[in-house]
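Student:
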Amino acid sequence: MLGKRHFKKTLTKPFHKLFESLRVRSIQFFISSSIMLITLTAMLFVGLMLYSKFNKSAEQNAIISTRQVIDQVNLNLDYYLRSMMEISDSLNDLIGYKQDIDENRLVERMNVVLDTRKDIVSLCIFSRDGGIVAGSPSYKMKDVNITIQDWFSEPVNEPANLYFSSPHVQNIFESQHNWVVSLSREVTYYKDNKKKLGVLLVDMNFSSLDQLCQKARLGKKGYIYLVDPSGNIVYHPQQQLINAGLKSENVEEVMNHISGIYFDKFNGQNRMITIQTVNFCRWRIVGIAYMDEIVTTKKEIGVFIFWTFLFGTVFVIFISAFLSAKISQPIKALEKSMKKVEEGLLDINIDVKGEAEVAKLASTYKMMLTRIRSLMDQIVLEQESKRNAEFEVLQSQINPHFLYNTLNSVVRMVESGKKEDAITMITSLSKLFRISISRGRNIITIQEELEHANHYLTIQQIRYKNKFQFEIQSQDAVLQCKTIKLILQPIIENAIYHGIEHMVDDGYIKVTAEVSDGKLLLQVSDNGAGIRSEVLENILSVRPENREGRGVGVKNVHDRIQLYYGKEYGLEFESEVDVGTTVRIRLPYTAETVVREVRNEDSGKTA
Amino acid sequence: MKTAARLPSLVLLITILFCMNGCQKNINIEGTTKNIALIVRMNNGYYWGSVKLGADAAANEFSVNVRCTAPEDEEDVEGQIRLVNSELDQKVDALILAASDYNALVEVTERASDMHIPVIIIDSEVNTDKINSYIATDNYSAGIKAGNQLIKILGGSGREAKVGIMNFVKGTRNAEQREEGLLKAISGHSGIKVVAKEYCSSDKKLAFELTQKMIRENSDISAIVALNAISSEGVAEAVSQMDLAGKVNIIAFDSTPNEIDYMEKGVIQVLITQNPFNMGYLSVKSAVEAINGTSISKYYDTGSEIINKDNMYLPENQRLLFPFIK
Chain H
19 MLGKRHFKKT LTKPFHKLFE SLRVRSIQFF ISSSIMLITL TAMLFVGLML YSKFNKSAEQ
79 NAIISTRQVI DQVNLNLDYY LRSMMEISDS LNDLIGYKQD IDENRLVERM NVVLDTRKDI
139 VSLCIFSRDG GIVAGSPSYK MKDVNITIQD WFSEPVNEPA NLYFSSPHVQ NIFESQHNWV
199 VSLSREVTYY KDNKKKLGVL LVDMNFSSLD QLCQKARLGK KGYIYLVDPS GNIVYHPQQQ
259 LINAGLKSEN VEEVMNHISG IYFDKFNGQN RMITIQTVNF CRWRIVGIAY MDEIVTTKKE
319 IGVFIFWTFL FGTVFVIFIS AFLSAKISQP IKALEKSMKK VEEGLLDINI DVKGEAEVAK
379 LASTYKMMLT RIRSLMDQIV LEQESKRNAE FEVLQSQINP HFLYNTLNSV VRMVESGKKE
439 DAITMITSLS KLFRISISRG RNIITIQEEL EHANHYLTIQ QIRYKNKFQF EIQSQDAVLQ
499 CKTIKLILQP IIENAIYHGI EHMVDDGYIK VTAEVSDGKL LLQVSDNGAG IRSEVLENIL
559 SVRPENREGR GVGVKNVHDR IQLYYGKEYG LEFESEVDVG TTVRIRLPYT AETVVREVRN
619 EDSGKTA
Chain S
1075 MKTAARLPSL VLLITILFCM NGCQKNINIE GTTKNIALIV RMNNGYYWGS VKLGADAAAN
1135 EFSVNVRCTA PEDEEDVEGQ IRLVNSELDQ KVDALILAAS DYNALVEVTE RASDMHIPVI
1195 IIDSEVNTDK INSYIATDNY SAGIKAGNQL IKILGGSGRE AKVGIMNFVK GTRNAEQREE
1255 GLLKAISGHS GIKVVAKEYC SSDKKLAFEL TQKMIRENSD ISAIVALNAI SSEGVAEAVS
1315 QMDLAGKVNI IAFDSTPNEI DYMEKGVIQV LITQNPFNMG YLSVKSAVEA INGTSISKYY
1375 DTGSEIINKD NMYLPENQRL LFPFIK
């Protein structure tokens, strides 16, 4: 089942890809169409080139091979005719002496020639009246008048020439019907001391020449025929068809050429005609080759190229679809996951594999997403701690414990009649709260913050019955700077409860505000108990278990400053046991300290 | 990913297979050479050799295969029927038949026709219409030619003369037609009387003996007409042996080397020759045309020639009388 589905998948996949690639304007479409266009153009070009080239060479080859065949036939004919001439010449030399011919010697000589040359049928010398003078082999002559036969009459009429007859059946001897080519010439010989004229005949077997011509095939249908100088067909493989008028040859056209190639259309067939002329006898060898056989090769090549092109096209379509899919698929996958991110799904897993570039893109994108995710987490965390800090600020704004203690002190003062002190305390308390609340604003000026510290210290001073003295100094330049509120009070509170309260001597607290190294520096110094170094180390990092414990408010101040203004700001402690502690608060120094978190201000308003 | 990597090789494989298929097709187109069966009456002899030669020439020209078969001898009718049937069983594309018997081969001929195989009958007729073409010597007119030559040799009309006829196989269509033609030609010449008629069953020895008997019985016989090659040779041999050359004239059919020898020796006066090469050539040509669906003529006369001592060496007759047969 699984295998089947898998098989189906592998089958449908390429088609699916194919259709996908047809979507216009996609990368895939662009890649596959350009690959196809380039490859198909190249294939078409090469195909056409090859076709025309092959055609040309096929034709050329046909012409060359035809010519070779004809040349071969010519060479063979030439060889046969030349050997006949040589034999004829040697016999002529033998009888040419000015003395009576020695018949026995002559016949002996003829026998030697016949023994060595199987293709020579007969050698004879005839007198002018047709009687045989000498001859081999010694067949019995027929009772016919040989003087009227062509081979005899021609050389007699034209004594200077050698006469080559057409192939014919020799009609001299009884029971001999050999097809021969005859070479005859007029000769002079001496008999009884008289100069006489005669005819020397060399007969060569034609069957070997016939076979030669039969075997010389030009293609399947092509053939060779011979024409003598006067235009008679001396040899044709289908002589009888020609005699019966079933076949004809365009001999007139052939007679216009001595050698060469021409093309004609004869009996509805296109033919290539190759002509060569044989030496000595001046016969023309005519080679007939049919063009449709040459065209067959052309057709085959055409069909072959067509098929190759067709399957090449199919192949290229598949390959280009595959290639373009391979390139564009990862990009598409990446695009898909980006879309999901766009929809807000930050938590998706981007697993795109592909070529190096795309993979790198994917991994970079993945890294970016991770970073965004962690940033968002961080923001959420920060918001949470800010809210916590806000809450604690609110708590310190209306610290019930402080309020109770203060009011209790006021009551005692009123009871003991310290009217002035009570008024001062109540006034300070009211001013303290006014600044604390500050109409819900989270940001106040340094001046207000210092005032708040002043009121707080005043209240505490009265409560602690002037157990400590305090001093507040500030540069004028910093007074209008902005700060988050209630950052001095927890530190001062810390200094009183943990530094001054248990002191035997008088305490002293000094609060300053100045500009230092381009930053706003607030300092709270006391001469109290100091902080042990192991406590000091952890004072800003560890949140103590005990909420009432030392440094809760201090850490809250530090965290708030850092949340608002960044890591470079915050608290710094310097303390020595039994000498005192100095807390430095660094804030950004700007005339109008910009609030980074607008939203935070809003939440502060509602609180 | 793995399947994706396999994809191009798959495509390549398919493409190669398709290509091979295409090539195969091309080869197949080349390989549809038509097969033509040529069944003649005898395996040897100049006559049938020439038929084969002509058939081969046409086979070359039209690019077809011609397979030539024949029974052992001319009278083996059963053997020829067997041959025809075996060729038909092999689903040849066309059948060329030189029938040994006018009636016996009707059935197989019609069987071929029923199988939609074109049938070309050569040389001698078969008694059926279900053939595509009949290519042969017009035997009747050849008979007339023989008759006219006979009259000429015997010195024209009016002269009294006794003649004998040496026929070959009784019931053979050719023999009957030649005889009919011969008798028609001499029918107007009351002086010429047919005094003897024999059938030699295409047996040379029998022809020889029958001729001797014929001459013994009719000592004043002045001519014998022999209606085929074998009977002609037998007759010529008998006349030659009885030293009656020139006294008993012979008009013979066909042109075997022996007959030509006898003609040069003056034993045979006239030869009526057929044109077996053309017969073979035309039969194959017609068969090819029939296969291709071209309409062909129902009958073609390949003609007959009158050969005597004077014209036998003319160039146009040399090929006829002395074919190149290997």
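Sequence lines, in order, name chains H and S. The numbering of the first sequence is the working numbering, which starts it at 19 and goes up by one. The numbering of the second sequence is the working numbering, which starts it at 1075 and goes up by one. In this text, a Cβ means the ideal position worked out from N, Cα and C, and glycines have one as well. Model, not experiment: these values are computed from the prediction.
#1: Have a look at N1292/S and A1319/S and give me their C-alpha separation to the nearest angstrom.
#2: Once DSSP output is grouped into helix, strand and coil, what is the label at D228/H?
#3: Where do the ends of the alpha helix (DSSP H) carrying I444/H lie?
#4: Could you give the uninterrupted runs of the beta strand (DSSP E) lying entirely in the segment 255-291 of chain H, keeping only those of 3 residues or more?
#5: Could you tell me whether the Cβ of S1360/S comes closer than 9 Å to any Cβ of chain H?
#6: In chain order, what residues of the same chain lie with their CB nearer than 8 Å to the CB of L393/H, ignoring the 5 residues before and after it?
#7: So what does DSSP say about Q465/H, is it helix, strand or coil?
#8: I believe E400/H touches L581/H by the beta-carbon criterion, under 8 Å. Please report the beta-carbon distance rounded to the nearest angstrom.
#9: Shorter than 9 Å from the beta carbon of Q1392/S to some beta carbon of chain H?
#10: In the DSSP assignment, the beta strand (DSSP E) including K537/H goes from what residue to what residue?
#11: Can you tell me whether M1116/S is buried or exposed? The criterion is at least 16 other CB atoms within 10 Å of its CB, across all chains shown.
#12: Which residue marks the beginning of the alpha helix (DSSP H) containing V125/H, and which one marks its end?
#13: Could you tell me which chain H residues have their CB closer than 7 Å to the CB of I1334/S, listed as they occur along the chain?
#14: Could you please give me the residues that DSSP links to R602/H through a beta bridge?
#15: Can you confirm whether F1282/S, when its beta carbon is compared against all beta carbons of chain H, has any partner nearer than 9 Å?
#16: Output needed for I279/H: all residues of its chain with C-beta closer than 8 Å, excluding positions within five of it in sequence on either side, in chain order.
#17: Would you say G1128/S reaches chain H, if we count a Cβ-Cβ gap shorter than 9 Å as a contact?
#18: Tell me whether E489/H is buried or exposed, calling it buried when 16 or more other Cβ atoms sit within 10 Å of its Cβ.
#19: Quick check: is the beta carbon of T1376/S nearer than 9 Å to any beta carbon in chain H?
#20: Among G263/H, N512/H and S52/H, whose alpha-carbon lies nearest the alpha-carbon of V334/H?
#21: Measure the alpha-carbon distance for V1313/S versus D161/H and round it to whole angstroms.
#22: Provide the residue(s) that pair with W325/H in DSSP beta bridges, ordered along the chain.
#23: Quick check: N1159/S and V1138/S, are their CB atoms within less than 9 Å of each other?
#24: By Cβ distance below 8 Å, which residues in the same chain neighbour S621/H in space, the five residues on each side in sequence not counted?
#25: Using beta carbons (cut-off 9 Å, strictly below), is Y241/H in contact with chain S?
#26: Taking only the alpha-carbon atoms, compute the straight-line gap between E1104/S and K317/H and give it to the nearest angstrom.
#27: Leaving out five residues on either side along the sequence, give the residues of the same chain with a beta carbon under 7 Å from the beta carbon of A1361/S.
#28: Could you name the residues of the same chain whose beta carbon sits closer than 7 Å to that of M102/H, not counting the 5 residues immediately before and after it, in chain order?
#29: To the nearest angstrom, how far is the alpha carbon of V496/H from that of V533/H?
#30: Establish whether the CB of S1207/S and some CB of chain H are separated by less than 9 Å.
#31: Output, in chain order, the set of chain S residues within a Cβ distance shorter than 9 Å of H275/H.
#32: Would a C-beta distance cut-off of 9 Å place S1217/S and K1258/S closer than the cut-off?
#33: What does S1137/S reach in chain H if we use C-beta pairs closer than 8 Å?
#34: Can you list the residues of chain H that N1382/S reaches, using a CB-CB cut of under 7 Å?
#35: Is A377/H near the ligand COA, judged by its Cβ being under 8 Å from some heavy atom?
#36: For I1101/S and M356/H, I'd like the C-alpha separation in whole angstroms.
Tutor: With the structure as the only source:
#1: 16 Å
#2: helix
#3: K437 to I455
#4: 278-284
#5: For S1360/S, the answer is no, since every Cβ of chain H falls outside 9 Å of its Cβ.
#6: none
#7: helix
#8: For a cut-off of 8 Å, the C-beta gap from E400/H to L581/H is around 6 Å, short enough to register as a contact.
#9: yes
#10: Residues K537 to D544.
#11: M1116/S comes out buried.
#12: E121 to T134
#13: H195
#14: Q541/H and E590/H
#15: no
#16: Take I279/H, set aside five residues on each side of it, and the residues of its chain with a beta-carbon closer than 8 Å to its own are I81, T84, R85, M290, I291, T292 and I293, in chain order.
#17: yes
#18: exposed
#19: yes
#20: S52/H
#21: 21 Å
#22: Answer is none; W325/H lacks a bridge partner.
#23: no
#24: At S621/H the pLDDT is 42, less than 50, meaning the model places this residue with poor confidence; the figure from the coordinates comes in the next sentence. Closer than 8 Å at the Cβ level, and outside the excluded window around S621/H, lie R405 and E408.
#25: True, the Cβ-Cβ gap to chain S drops below 9 Å.
#26: Low confidence applies to E1104/S: its pLDDT is 44, below 50, so where it sits in the model is not reliable enough to give any reading.
#27: I1110, A1168, I1170, P1192 and I1194
#28: L201, V220 and M222
#29: Rounded to the nearest whole angstrom, the CA to CA distance from V496/H to V533/H is 7 Å.
#30: no
#31: Going along chain S, no residue has its Cβ under 9 Å from H275/H, so there is no contact; the nearest lies around 24 Å.
#32: Note on identity: in this sequence residue 1217/S is Gly, with Ser being the wrong assignment. The answer is yes: Cβ separation under 9 Å.
#33: Near S1137/S (Cβ distances below 8 Å), the residues of chain H are K238 and K239.
#34: Residues of chain H passing the Cβ test: none, with the nearest at roughly 14 Å.
#35: Absent from the structure shown: the ligand COA. Ligands present: none.
#36: Unreliable placement is indicated for I1101/S, whose pLDDT of 44 sits below 50; the coordinate value is still reported in the next sentence. If you take the alpha carbons of I1101/S and M356/H, they lie about 58 Å apart.
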